[in-house]
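J.: My structure is below; once you've seen it, I'll send some questions.
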Amino acid sequence: MLLSRVKPAVGGDTALSSSEKKRKNKSRKTPRLEDYLSQRDYLGALTLLEFQRNGGAAEEHTDQWIGYCAFHLGDHKRAMEEYKSLTLKPDCPAEVWVHLGCSLFFLGLYKEAEEVALKGPKSQLQNRLLFHLAHKAELKNLIDISSSSFEFAKELIRHNLVVFRGGEGALQVLPPLIDVISEARLNLVIYYLRQDDVQEAYNLIKDLEPTTPQEYILKGVVNAALGQEIGSRDHLKIAQQFFQLVGGSASECDTIPGRQCMASCFFLLKQFEDVLIYLNSVKSYFYTDDTFNFNYAQAKAALGSYKEAEEVFLLIQSEKIKNDYVYLSWLARCYIMNQKARLAWELYLKMETSSDSFSLLQLIANDCYKMGQFYYAAKAFDVLERLDSNPEYWEGKRGACVGIFQLILAGREPRESLKEVLPMLRSTGNPQVEYIIRIMKKWAKDNRVAL
């Protein structure tokens, strides 16, 4: 349940008799499938249908509606599985074959889509599906037509080919079409975002007055990306407002993009409890989505759920994200908070020397110290002191080395660790070091620890 959608309790039932209460409860309107579908709340509809099916109260066409809702939520694999199971039943409605064909089409299984679609009855949907399937063997022939009256169709086909091919040829095809095909500008903006060219994306969209949810969302994404890149609070504020406008609208509030917008709005406001309310409501559709998991893990970590955050961070496969400093720093913090400081140290060792590696070293040093993992705190402060003579690094290293010694005395750290502590202390030029080393060496001699 979304807490923001809970209505306040209102008094008035206290004086009713038990029989009156029963009559009133019966008269209350229960959720209907038609209500969800009319509002395009496919997630709500799917939840109701699954509840009915699991509770043994499924109606005649429940399985078909589940496939329908899954399809409109973009879960084409789930839709395909539902429709396939229906085709195995002797009383399967004929139109299910066409619906199965649509699901296969969106999964890229064009040959299979055509085969099953032809098993269904002739209908507008079948014609439309077969038309799209035909576009796949015929596009090149259409482009080669030289008739001037076919010029706009050729431009549309070129535009669509760029989209179908994931942006291939975007810079050659889309710029001349910006004032010809309205979607060309939006798709070129998406291309620039995928290439990390945020400034070009912003230049293209900054003067666009959004009129559709998709345009509001895209303009919000661009402003958020630019705001984070250049540190502009104004751009972040604009992005937050666009996301809130879409997520709070009556037409989009119960859709997956709408809930993602609200999550993004609260993310920019750093209200991570609210972020998780919305992300939790749609996470079943994004288990393998790296971007979703990156945001979800950050929100978990920001609220101190480090164990869960670590698990989600490690699900991410994208090398681009895994090499991002934000990812590395959050994962390192999760490791340290989960008493796995060695893994955080290994993250640092794999990095090339840069300002990011220096920042990660600072994080490891301070977080390890705070969590009492003094061995890796000392190693990190030792490297920091070698790179920068800031006296704070000596103080951190001194405290961490003394902390290791205390853990050794308490039997919570191997005595052999003292062998590594002494060279770290000797590497500094601070005169305090001799006094500390003398005490450690005396203890080692008294306790027969070879140094």
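Here the sequence shown is numbered in this note's numbering, starting from 13 and rising by one per residue.
Even glycine gets a Cβ: it sits at the ideal position worked out from N, Cα and C.
Out of Val108, Phe118, Ala146, which one is the CA nearest neighbour of Lys131?
T.: It is Val108.
J.: Quick one: any contact between the segment 44–52 and the segment 225–234, if contact means 3 or more CB pairs under 8 Å?
T.: Result no; under three Cβ-Cβ pairs closer than 8 Å.
J.: Can at least three beta-carbon pairs, one atom from the segment 139–146 and one from the segment 168–178, be found at a separation below 8 Å?
T.: No: the two stretches stay apart, fewer than three of their Cβ pairs being nearer than 8 Å.
J.: By the three-class DSSP mapping on this structure, what secondary structure does Asp209 have?
T.: Looking at Asp209 - three-state DSSP - the assignment turns out to be coil, as it is neither helix nor strand.
J.: Could you name the residues of the same chain whose beta carbon sits closer than 7 Å to that of Lys431, not counting the 5 residues immediately before and after it, in chain order?
T.: Around Lys431: Leu463.
J.: What are the start and end residues of the alpha helix (DSSP H) that includes Gly408?
T.: Here the alpha helix (DSSP H) through Gly408 covers 403–421.
J.: Could you check whether Asp75 and Glu62 sit closer than 7 Å to each other, using their CB atoms as the reference points?
T.: No, the pair does not count as a contact, with Cβ atoms beyond the cut-off.
J.: What are the start and end residues of the alpha helix (DSSP H) that includes Gly56?
T.: Run containing Gly56: 54–66, per the alpha helix (DSSP H) assignment.
J.: Measuring CA to CA, which of Ser194, Gly179, Thr224 is closest to Tyr204?
T.: The candidate whose alpha carbon is nearest that of Tyr204 is Gly179.
J.: Could you name each continuous alpha helix (DSSP H) segment of 4 residues or more that falls completely within the segment 325–373, going from the start of the chain to the end?
T.: Runs of the alpha helix (DSSP H) inside the segment 325–373: 331–334, 337–349, 353–361.
J.: Measuring CA to CA, which of Phe417, Gln385, Ile289 is closest to Ala311?
T.: Of the candidates Phe417, Gln385, Ile289, the one whose C-alpha sits nearest the C-alpha of Ala311 is Ile289.
J.: Quick check on His144: does DSSP put it in helix, strand or coil?
T.: Here His144 sits in helix by DSSP.
J.: Are the segment 263–283 and the segment 296–313 touching, with three or more C-beta to C-beta distances below 8 Å?
T.: Judged by Cβ distances under 8 Å, the segment 263–283 makes contact with the segment 296–313, as three or more pairs qualify.
J.: What number of angstroms, rounded off, separates the C-alpha of Ser30 from the C-alpha of Ser244?
T.: Any answer about Ser30 is weak, because its pLDDT of 48 lies below 50 and its placement is not dependable; what the coordinates show is given next. If you take the alpha carbons of Ser30 and Ser244, they lie about 60 Å apart.
J.: For Tyr447, count neighbouring Cβ atoms within 10 angstroms of its own Cβ and tell me buried if that reaches 16, exposed if not.
T.: By the 10 Å Cβ count, Tyr447 comes out exposed.
J.: In whole angstroms, give me the CA-to-CA distance for Met274 and Leu257.
T.: The alpha-carbon atoms of Met274 and Leu257 are separated by roughly 9 Å.
J.: Taking Asn442 as part of the alpha helix (DSSP H), name the residues at either end of that continuous run.
T.: Note, Asn442: premise wrong, no alpha helix (DSSP H); not H, not E.
J.: Under 7 Å Cβ to Cβ from Val338, same chain only, skipping five residues before and after it: list those, please.
T.: Once the five neighbours on either side are set aside, Val338 has no close Cβ partner at all.
J.: Is it true that the CB of Arg271 sits closer than 7 Å to the CB of Ser293?
T.: Yes.
J.: What number of angstroms, rounded off, separates the C-alpha of Lys332 from the C-alpha of Asp53?
T.: About 34 Å.
J.: Return the CA-CA distance between Ser317 and Pro269, expressed in angstroms with no decimal places.
T.: Distance between the alpha carbons of Ser317 and Pro269: 25 Å.
J.: Could you check the C-alpha separation between Ala196 and Ser401 for me, to the nearest Å?
T.: Whole-angstrom Cα-Cα distance: 54 Å.
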